[in-house]
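Okay, so the sequence shown: first residue is 126 according to my numbering, each after it adds one.
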Amino acid sequence: MARRSHRRALGLVAAVLAGLLLSATPGQAAVQSPSAKPATGSVQLAFGPTFVQQMFTAGVFIYGASSVTVRMGDSGSLSATFPLGGRSTAAPTSLIRIDGENGGLTFINGPAGATAALGSLVVRRTGGTGVVTGEIVGPFSSDTGQFAQTMPVFTLSSARAKASGSGWSMTAHMALTDQGAATLNTLLSTSIFRAGARIGSLSADVSTG
């Protein structure tokens with residue numbers, strides 16, 4: 126049984142990742158701020174230990190896809206690092222658009238055999254607030270086709286940015302949006318994602334030189 130469940134999970138992951146990569150088209154990077162320039166560096170999403178424990182208890186786990194890395198911290202937090210580069214662009218202290226082909230995150234609900242992927246992130250900051258939009262992709266269905274929808278996934282608060290030379294950095298608290306929480310709950314057959322709940326933080330180090 127364990128081996129069959131493992132194979133089924135791997136099959137679901139492969140299907141979701143295929144949808145995520147197919148949806149990461151050059152057209153998504155074409156719409157950008159007039160001041161946006163090619164960017165290198167990274168964006169990190171850090172999920173706090175309380176939220177991580179809630180996910181693990183519910184049987185939900187997060188994995189990195191392609192160039193995105195996921196690591197557990199000593200305190201029980203979990204960090205996901207999205208590299209910039211490729212067609213990634215940024216405008217100083219206000220916008221980061223991550224090339225979707227650099228990879229994303231895969232959420233797996235093992236007990237339910239359900240998966241969802243998140244990629245093509247766009248970080249927008251205005252003063253002390255901001256929003257992170259992204260494309261959430263679900264498994265392919267012969268009845269409804271491929272679920273893939275771009276939406277606000279996280280809101281940002283206490284956002285701070287600092288410029289230095291050709292680069293800049295940003296930090297912010299991160300919470301789930303109503304739409305992001307509802308979509309993840311539906312695709313993953315769970316109820317652990319709560320709208321408005323502060324689940325961690327975002328940090329970015331960007332160079333556009």
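Note that the Cβ used here is the ideal one computed from N, Cα and C, for glycine as well.
For clarity, every value in this text was computed on a predicted model and none was experimentally measured.
Tell me the rounded alpha-carbon separation between Gly105 and His298.
This structure cannot speak to residue 105, because the chain is shown only from 126 to 334.
Taking 7 angstroms as the limit between beta carbons, can you name the residues of its chain near Gly198, skipping five residues before and five after?
Excluding sequence positions up to five before and after Gly198, its CB lies within less than 7 angstroms of the CB of Ser204, all in the same chain and listed in chain order.
Grab me the residues of Thr308's own chain with a C-beta within less than 6 angstroms of its C-beta, minus the 5 sequence neighbours each way, in chain order.
Counting only Cβ-Cβ distances below 6 angstroms, and skipping sequence neighbours, we find Ile261.
Where does Gly263 fall in DSSP's three states?
The DSSP-derived three-state label of Gly263 is strand.
Burial state of Ser326 (16 or more Cβ within 10 Å):
So Ser326 ends up on the buried side.
Report the rounded CA-to-CA distance for Ala284 versus Ser328, giving the unit in angstroms.
So the alpha carbons of these two residues sit roughly 9 angstroms apart.
Tell me the DSSP bridge mates of Val168?
DSSP lists Phe207, Ala329 as partners of Val168.
Here's the rule: buried if 16 or more other CB atoms are within 10 angstroms of the residue's CB, otherwise exposed. What is Pro264?
Buried: at least 16 other Cβ atoms inside 10 Å.
Contact defined as beta carbons within less than 8 angstroms: I believe Val247 pairs with Leu281. What is the distance between those atoms, to the nearest angstrom?
With a Cβ gap of about 12 angstroms, Val247 and Leu281 do not count as contacting.
Can you determine whether any heavy atom of the ligand SAM sits closer than 7 angstroms to the C-beta of Thr269, and answer yes or no?
This structure lacks the ligand SAM, and indeed carries no ligand of any kind.
What are the uninterrupted segments assigned as alpha helix (DSSP H) that are 4 or more residues long and contained completely in the region 174–223, given in chain order?
Within the region 174–223, the complete alpha helix (DSSP H) runs of at least 4 residues are 174–182.
For Thr296, three-class secondary structure by DSSP
Thr296 falls in the strand class under three-state DSSP.
Is the beta carbon of Leu301 sitting closer than 8 angstroms to the one on Ala239?
Judged by beta-carbon spacing, Ala239 lies beyond the 8 angstroms limit of Leu301, meaning their Cβ atoms are not closer than that value.
Give every residue of the same chain whose Cβ lies closer than 6 angstroms to the Cβ of Phe186, excluding the five residues on either side of it in the sequence, and list them in chain order.
Here the set comprises Ile233.
How many Å lie between Thr206 and Ser294 at the Cα?
Roughly 14 angstroms separates the two Cα atoms.
Using a Cβ-Cβ cutoff of less than 8 angstroms, which residues in the same chain neighbour Gln178 once the five nearest sequence positions on both sides are dropped?
Cβ-Cβ distances below 8 angstroms link Gln178 to Gly201 in the same chain, with the five nearest sequence neighbours on each side left out; the list follows chain order.
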